[in-house]
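One gets our numbering by counting positions in the sequence shown from 1 and adding 3 to each.
C-beta: ideal position from N, C-alpha, C; glycine also.
Taking it in order: structure first as structure tokens, then the write-up.
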Amino acid sequence: MKDIETRVRDLMDKMTLEEKIGQTRQCGPSLVGAFEVDFSELLNMMFDGRISKEKFDELMAGAHQDLKEDDIRAGKIGSFNGVKGAEQVRTIQKIAVEESRLGIPLIIGSDVIHGYRTVTPIPLGESCAWEPSLWERTARISAEEAAADGIKWTFAPMVDVAKDARWGRISEGAGEDALLNGLYGAAKVRGFQTDDPSAKDSIAACVKHFAAYGAVEAGRDYNRVDMSEQKLREEYLPSYKASVEAGALTVMPAFNDISGVPCSCNSMLLTDILRKEWGFKGMTISDANAIAELVNHGAAADNAEAAAKAMEAGMDMDMTSEAYIENLAELIRSGAVSEEALDRAVADILRVKFELGLFDDPYYMAEDDPENHFLKPEYRTLAREAAQKSIVLLKNENVLPLNRGIRLGICGDLAGERAEMTGTWSINAVGDDCVSITDACEAQALPYTWFKTDLTAESGSFETLAKDCDVFIAAIGERKDESGEAASRTSIELPAEQIHMLEKLIATGKPVIAVVFNGRPLALTWVNDNVPAILEAWHPGVEAGNAILDLVFGDVNPSAKLTASFPYNAGMCPVYYDHINTGRPGGRGKFTSKYLDAPLTPVYPFGYGLSYTTYEYSDLQAEVTAEGIQVCVKVTNTGACAGDEIVQCYFRDPVAERVRPVRKLAAFDKITLQPGETKAVSFLIKKEQLGYWNSKMQFVVDSGDIEVYAGGCSTTELKAVVTI
Ligand code: NOJ
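Shown next as structure tokens:
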């Protein structure tokens, strides 16, 4: 068979200008129906209260989807986002392949972010497992389910380094560190695409949101980003680069601008860095409507100019704004956009379609009922493992683990609401697929009473029933729509009614365990001060209740560690471990870098997490080699039960031309230790990891001392010094 480049060229030779432009267009199915305004206005009307949720649902029920069959037939659509189900995909694919002039297949995309039907923990939660092979395995099962249902492309992984808990989308990535986000992204790419993207159950990954979306000012979604190129390259770009190097077929530029240039028309990002420096050969797709939004940014006068700027910068496909389909032909005829730019875009798109095997097997979706491919027992087992490994034990004053047989008071609405367990971006989830805490208690026939957050219970009053409970498990935190896109917050404290519930529980004198569900680090200051045991559960997915009880009863020993710092309050955001020292590091003195009304450090730092056992670190050795710094540290399990420990290695360059962070994560490993067992763990800090961009924008590795740290948290003081 001819190679892909030849097949792309042969096909392009046959294409008309209109057919080429058609390939750059991604549509969502439009809704036609019983309303006079367009869909986004209808959504606004519901959100701002002009119509009720009930009225909205009623209008939607009367609407039907327009799949734009005539446009597909005419070769005017290259891709769809939001088409649901294998049958519908097969229908439109058949039109593209069998009824359009050149028979070019559609590529069907969707947001498969943390599971398709088998929903696994939100990415921020799953990242706390610090386990790339787990991240790869969960991506694999979501690809298998999605492909069976007609999806060949996911808009994931999101590898936006996020240091600000106010930003709702912190939930969608691997937290505040660049290295972790890069490893997470690369693992997801491997899981989605495998070594053979053309296999029936492989789907294309899309690395997003390029770049630095996680740095939006004040944590407000879609806001500006203004930073030095040095900072961009050191702290934000590495995670995208690692994911691109893992072979990601597509990349999505971010909504935000960087230093005044929106990413959607940023040729430094899309052409110079992505394609020329990193050698990316895949396709770029805008974020939803983002090309037209260049007008709102103030970067283009109208959609035509927006289309021209985006295309010339290197944006291949237009997600749903229609700026390309409506303007490119004229722009090319007038010479405002070069045909060469369009040809490059179309070649990128076709190349990805060939690599995905779409020309050879456009009907990759399941032939039988896709339901047969969802929620297989082994998928549920993996979802449970992922949740167990994501839940972080934040505090434990001799409360956990519990003995079975103990009478439980399960408190809080979230303990019984299945659909809340899925978290943000779980668009194909079915709430009833999830096991809530109360479901798990029921299934295990545990003695329990469920109280709502206001402490009402169906079977009697709190005062009476509480006497029969030995311990309380309080489900607190956020509902799933309180994090994710367009869900930034200025207050990240718990709502008053949850604090009130906890106060009443504590007043009984019985032990209280807080189980926190959330999509962002919350300010758990009060909870940390007052509640003796805290489990950070995130939104754990379909196996939520089972995994939580596995940890509560000690069937599984908690091992997860935080990948984002938990602030004392929203006012200290952003707070993160790899900060610089400043000229006046915070201390006792008045004129030091600190707050009058809050401590300088977060309540729980990056890398923190407890276990039912304890570990001791000793014998840290570091030695300079030709490759970098070879590190070795001994870890001993000093407690009474076996456990998995996430061993972390950091470094600091204490004197440099541009100041360096006080700690930088260099490597990590997860080891299993029996009680009393000691293991030696080795790491290599590669030479280039020590480098940075100096003020002349040269990448340099300084000579001089490097401090090396190892331990179970970013705050470890176990240190060795080497000289480079
Ligand atoms: C907007 C989001 O920013 C992006 O992450 C997502 O993939 C697209 N919408 C498509 O749904």
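Checking the 7 Å criterion, the Cβ of Lys155 is out of range of every heavy atom belonging to the ligand NOJ. Closest by C-alpha distance to Gly412, out of Ile430, Leu396 and Thr459, is Thr459. Shortest Cα-Cα distance from Trp529 to any of Asp180, Leu497, Phe520 and Lys166 involves Leu497. Per DSSP, Asp69 lies in no alpha helix (DSSP H); the unbroken beta strand (DSSP E) holding it starts and ends at His67 to Asp69. Within the DSSP secondary-structure output, Ile288 pairs in a beta bridge with Met320. Counting along the chain, Tyr618 sits inside the beta strand (DSSP E) bounded by residues Tyr618 to Val627. Between His376 and Ala369, the beta carbon gap of about 6 Å places them in contact (Cβ cut-off 8 Å). Distances from the CB of Lys211 to the heavy atoms of the ligand NOJ include at least one below 7 Å. Burial is judged here by how many other beta carbons sit within 10 angstroms of a residue's own beta carbon; Ile583 has fewer than 16 and is exposed. Around the beta-carbon of Pro380, fewer than 16 other beta-carbon atoms lie within 10 Å, marking it exposed. Beta bridge pairing from DSSP links Trp453 with Ile413.
Straight-line measurement puts the Cα of Cys635 at about 21 Å from the Cα of Pro657.
Phe686 has its CB no nearer than 7 Å to any heavy atom of the ligand NOJ. At least 8 Å separates the beta-carbon of Asp163 from that of Ala489. Distance from Met320 to Ser82 at the Cβ level is roughly 6 Å; contact confirmed, criterion being Cβ atoms closer than 8 Å. Glu22 and Ile111 have their alpha carbons spaced roughly 18 Å apart. Judged by beta-carbon spacing, Gly544 lies within the 8 Å limit of Pro124, meaning their Cβ atoms are closer than that value. Positions of the beta strand (DSSP E) runs, each at least 3 residues long and wholly inside the region 640-712, are given as 646-655, 667-676 and 681-689 in order along the chain. Annotated three-state conformation of Val247 is helix, per DSSP.
Around the beta carbon of Asp457, fewer than 16 other beta carbons lie within 10 angstroms, which makes this residue exposed. If you look at Asn533, you'll find it in the alpha helix (DSSP H) that goes Thr528 to Asn533. Spatial neighbours of Ala669 in its own chain (CB-CB distance under 7 Å, excluding positions within 5 residues in sequence) are listed in chain order as Cys652, Tyr653, Phe654, Phe686, Ile688 and Gln692. The alpha-carbon of Phe258 is positioned some 36 Å away from that of Glu101. Within 7 Å of the C-beta of Asn184 there is not a single heavy atom belonging to the ligand NOJ. In the three-state scheme derived from DSSP, where H, G and I count as helix and E and B as strand, Cys444 is classed as helix. Excluding five sequence positions before and after Cys209, the CB atoms of its chain that fall closer than 6 Å to its own CB belong to Phe158, Thr253 and Met255, given in chain order. Secondary structure of Thr726 (DSSP, three-state): strand. In this structure, the ligand NOJ has no non-hydrogen atom nearer than 7 Å to the beta-carbon of Glu296.
Counting along the chain, Gly194 sits inside the alpha helix (DSSP H) bounded by residues Ala181 to Gln196. Counting along the chain, no beta strand (DSSP E) covers Gly25; the unbroken alpha helix (DSSP H) around it starts and ends at Leu20 to Gln26.
Residue list for the ligand NOJ: Asp114, Phe158, Asp290 and Ala291 (CB closer than 5 Å to any heavy atom, chain order). At least 8 Å separates the beta-carbon of Arg193 from that of Ala132. Given a length threshold of 3 residues, each whole run of the beta strand (DSSP E) inside the region 92-127 is given here in chain order: 110-113. Each residue's CA atom was taken as its position, placing Leu505 and Cys472 some 15 Å apart. A residue is called buried once 16 or more other Cβ atoms fall within 10 Å of its Cβ, and Lys5, having fewer, is exposed. When the beta-carbon positions are compared, Gly426 and Ser113 stay at least 8 Å from each other.
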